[in-house]
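**Q** Per full-length UniProt numbering, the very first residue in the sequence shown carries number 1; after that it's consecutive.
Let me give you the structure first, and then I'll get to my questions.
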Amino acid sequence: MIRSSGKVWLGAQISRRAMVGSLAGMAIMLLLTGFEMTAMHEQLGRIDAISAQQVLIERQISDLRSYATTARHLSLASEETLARQDLVTRLDLLTTTISARQDMFAFGQSAQGIAASLDYSLAKLFALAALIRNPTEGLPIGDIVEQIRLLAGDDLNATLRDWAGTLSADAADARGRIRFALITLAGIVLLASLSLWLFVLRPLSRTVLDGTEHARALEDALAHTAGHDRLTGLPNRSRSAELIDRHITRRRKESVGLIHLNLCHFHMINEELGHEAGDQVLVETARRLLQSIGEREFVARIGGDEFLIFATDVPTPDNLMARAAALRRTVREPFDLAQGARHMDCVIGAVWSATGTTDAESLSVRADIALRSTLSGEEGPLRLFTQAMMEEVALRDALSRELRRALEKKELVAFFQPQVSAQGGEVTGFEALIRWNHPTRGLLSPAKFLKIAEEMGLADQIGAHMLDQALDAWQGWAAAGFAVPHVAVNYSAAQLADILLADRIKWALEQRDLPVDCLALEVVETVAIETDDALAVRIIRNLAEAGFAIELDDFGTGHASIANIQRLRASRIKIDRSFVSGIDQRQDLSVMADAMVRMATALGVGTIAEGVETAEERAKVTALGCTSLQGYNIARPMAFEDTLQWLAEHRMLNHGRRRSRAASA
């Protein structure tokens, strides 16, 4: 593309100058030709139809005579004799026609007016068309002469002599005039050559040099554009890789670091304030980052809201993370936009290389892995790459390949964790929790694979599979004589986007002839509130109106308001384990849990304390007024077969407690 653009520009320059020179040369040539032709007319009187074409033929004939001596000694077959006779006949007709109607179709001419070839129609008429390679160019004179030489043989001189006879008289008369014209033509050529040098070639030499320099400058400009971001002027992804590899190659013993920075919620700036404001944020971010780097370091923009910072003065991982923290503080300073001050935040993934023996690609991959690990929100906004992260990525890749097979082979199984009354200890329900009974990796928790499954679009299939197992379990408990009020099944954001979810659940119950109250639906409070539209809320309300119990899971981690409870028609709220763990030792947790219990009680909604692991925690949440308890202090999640044994033991234990309380009363 670069060279092509250069040529177009150069060609335009040459064409303009060449046109000026050519017009000047042509003017001189036409002027001189007019004078010379007038002189020829006065001296010779008349120029008849015999022109330079006959002279060309005569010269060709003269050249051909030199072949006669060699050709005379060749022995020809009878077929060649017939061909010679046919040639003589055709040449005779040809010369007659040329002499009679030369003005019509005698010879084709070149651009310079010199005889070059026969007209195609004439050649075809005399059976010479087979020699023509390109009909638009006609039949070259040289090809005719070569054909004559091959076929004439010993009769070459006679054949040529006879052929030329019809032209010889007029040619002899015109010979003197032609010589004079050739002398005049030589003068014209000399003047034209001088004009060509003055007006074309000399300027052309300067134009070529100017064009070369312009093309080189254009090439450099395009190369810079290809390797840099237009908005910020920073190197892009491909250029940053080149810079990293170049630095590592030159300084292999130097430790380096790569920081991958991603602006948080940048899309909201574009959506609320417009793309112009978004561009301002990006340009200002680039400026701040550039002010924070050293001489041999650089900043690159590799995506819409993503930047790379290549650091060289980082002797330890701690130094690198200190640099990362400083960059985050820089980004968090307010942005002065036309609509007012706006605050931004960012997450950062970083990788440190002790000796610089790695390359740009491996550094970028590791920094990206560290960045993605921050998006879960569990480890904070700054993460340094570790080998464990790479192993986690490898595991995710392997599990994603095996998940579909796991569904087909029913390796995804439901485990059940009981919920009991805080006051009396009676079983109030079970929660169905998914596990992957992997053939080689053992029992995997949902944290290992559930998000992968949703990314693969398997949420609906897994949800239907879990619902079937939960309903089978409830039927099994009833058949064994255990009165379990309900079994709760979790539903994710992906499942709540299915407008047919309520119909699918109702159909599953109808197929088994089960009551609606045997099933509770757990939804995370934040999922229901933060879903892109009101579809999830509508589905939850429809299920509640159909008689299903709605449990708000992880309550307190989101907005935790009365409005959410009422909006989602919740029957119970599950106080998140983060408020239960250590509640017996922390007053702040106790105050917050107490507020949630009071809120639920005022609305007539039940409360389930999750993650109860110690007797002290159990006693505390019971004292606060929680209606149900769930956690390791009651029982761990277990397979369906194990729940039957646990229910039997718990019933006996609970029966003994009631008898003991009755006796003491």
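Ideal Cβ positions, reconstructed from N, Cα and C, are used throughout, including at glycine.
1. Among A432, F482, R404, Y491, which has the Cα closest to the Cα of M456?
2. What residue range is occupied by the uninterrupted beta strand (DSSP E) comprising G429?
3. Would you check if the distance between the CB atom of I575 and the CB atom of T607 is smaller than 8 Å?
4. Whole angstroms is fine: what's the gap from G257's alpha carbon to E525's?
5. Among the residues of its own chain, which have a CB less than 6 Å from the CB of R577, if the five just before and after it don't count?
6. Beta-carbon within less than 8 Å of L628's beta-carbon, same chain only, minus the 5 sequence neighbours each way: which residues are those?
7. So what does A609 bridge to, in DSSP terms?
8. Below 7 Å CB to CB, which residues in the same chain sit around A325 once its five sequence neighbours on both sides are set aside?
9. Buried or exposed for L653, please, with buried defined as at least 16 other CB atoms from any protein chain shown within 10 angstroms of its CB.
10. Quick check on Q630: buried or exposed, where buried means 16 or more other Cβ atoms within 10 Å of its Cβ?
11. Thinking L407 and Q461 are a contact (beta carbons under 8 Å), I'd like their distance in whole angstroms, please.
12. Can you tell me whether G463 is helix, strand or coil according to DSSP?
13. Taking 8 Å as the threshold (C-beta atoms), are F307 and R301 in contact?
14. Output yes or no for whether 8 Å exceeds the beta carbon distance between V580 and V621.
15. Is L450 buried or exposed, if buried means 16 or more other CB atoms sit within 10 Å of its CB?
16. In the DSSP assignment, find the alpha helix (DSSP H) that holds F449 and state where it starts and stops.
17. Would you mind working out which of G463, T225, S373, R441 sits nearest I348, comparing C-alpha positions?
18. So is I248 buried or exposed if we call it buried at 16+ other beta carbons inside 10 Å?
19. My understanding is that A414 touches Q469, with C-beta atoms under 8 Å, so please give their C-beta distance in whole angstroms.
20. With a threshold of 16 other CB atoms inside 10 Å of the CB of W507, please say whether the residue is buried or exposed.
21. What does the Cβ neighbour count give for H343, buried or exposed, with the cut at 16 atoms within 10 Å?
22. Within this structure, are the beta carbons of L231 and V299 separated by less than 8 Å?
23. I'd like to confirm the pairing. Which residues does DSSP put opposite F298 in its beta bridges?
24. Give me the Cα-Cα distance between A648 and A479, rounded to the nearest whole angstrom.
25. Under 8 Å between the Cβ atoms of S255 and S353?
26. Taking G547 as the reference, give the member of D472, H265, L521, I634 with the closest Cα.
27. Using a 10 Å radius around the Cβ and a threshold of 16 neighbouring Cβ atoms, would you call S362 buried or exposed?
28. Kindly give me the distance between the Cβ atoms of K448 and L399, rounded to whole angstroms, as I take these residues to be in contact under 8 Å.
29. Check each candidate in K410, D584, C626, D588 and name the one with the smallest Cα separation from R598.
30. Can you give the Cα-Cα distance for L458 and F266, rounded to whole angstroms?
31. Just to confirm my understanding: we take A453, look at its own chain, exclude 5 residues before and 5 after, and list those with CB closer than 8 Å. What are they?
32. Ordered along the chain, which non-local residues of its own chain (more than five positions away) have a Cβ less than 6 Å from that of T557?
33. By Cβ distance below 7 Å, which residues in the same chain neighbour G227 in space, the five residues on each side in sequence not counted?
34. Just checking my contact of T312 with R296 at CB under 8 Å: how many whole Å lie between their CB atoms?
35. Any idea which residues DSSP pairs A520 with across the strands?
**A** In short:
1. Comparing C-alpha distances from M456 to each of A432, F482, R404, Y491 shows the shortest one belongs to R404.
2. Per DSSP, G429 belongs to the beta strand (DSSP E) from 427-438.
3. With contacts defined as CB atoms closer than 8 Å, I575 and T607 qualify as a contacting pair.
4. Linking G257 to E525 through their CA atoms gives a straight-line distance of about 40 Å.
5. Apart from the 5 residues on each side of it in sequence, R577 sits with its Cβ closer than 6 Å to the Cβ of E610, G611 in its chain, given in chain order.
6. The sequence given here places Ser at residue 628; Leu does not occur at that position. Answer for S628: Q419, V420, S421, A422, T428, G429, R572, G606, T607, I608, A609, listed in chain order.
7. Beta-bridge partners assigned by DSSP to A609: I575, L629.
8. Within the same chain, A325 has close Cβ partners L382.
9. Note on L653: under 16 other CB atoms within 10 angstroms of its CB, so exposed under the neighbour-count rule.
10. Q630 should be labelled buried.
11. Between L407 and Q461 the beta-carbon gap is near 6 Å, inside 8 Å, which marks them as a contact.
12. When DSSP states are grouped into helix, strand and coil, G463 belongs to the helix group.
13. Going by C-beta atoms, R301 is nearer than 8 Å to F307.
14. Cβ atoms of V580 and V621: closer than 8 Å.
15. Here L450 is buried: its Cβ has 16 or more other Cβ atoms, across all protein chains shown, within 10 Å.
16. Segment 446-455, the alpha helix (DSSP H) holding F449.
17. Proximity to I348 across G463, T225, S373, R441 peaks at S373, based on C-alpha coordinates.
18. Buried is the call here.
19. Their Cβ separation, rounded to whole angstroms, is 4 Å, which keeps A414 and Q469 in contact under 8 Å.
20. So W507 ends up on the exposed side.
21. Classification of H343: exposed, given that the 10 Å Cβ count is below 16.
22. Contact: no.
23. Its beta-bridge partners are F310.
24. Rounded to whole angstroms, A648 and A479 show a C-alpha spacing of 13 Å.
25. For the 8 Å CB-CB criterion, S255 and S353 form a contact.
26. L521 is the residue among D472, H265, L521, I634 whose C-alpha sits nearest the C-alpha of G547.
27. Result: exposed.
28. Beta-carbon to beta-carbon, K448 and L399 are separated by about 7 Å, close enough to satisfy the 8 Å threshold.
29. Measuring from the Cα of R598, the nearest candidate turns out to be C626.
30. The alpha-carbon atoms of L458 and F266 are separated by roughly 29 Å.
31. Scanning its chain for C-beta atoms nearer than 8 Å, with the 5 sequence neighbours on each side dropped, one finds around A453 the residues L403, A459, I462, in chain order.
32. The answer, listed in chain order, is D576.
33. Within the same chain, G227 has close Cβ partners P235, N236, S238, R239.
34. Indeed, because the Cβ distance is near 5 Å, the residues count as touching under 8 Å.
35. Answer by DSSP bridge pairing, in chain order: A488, A549.
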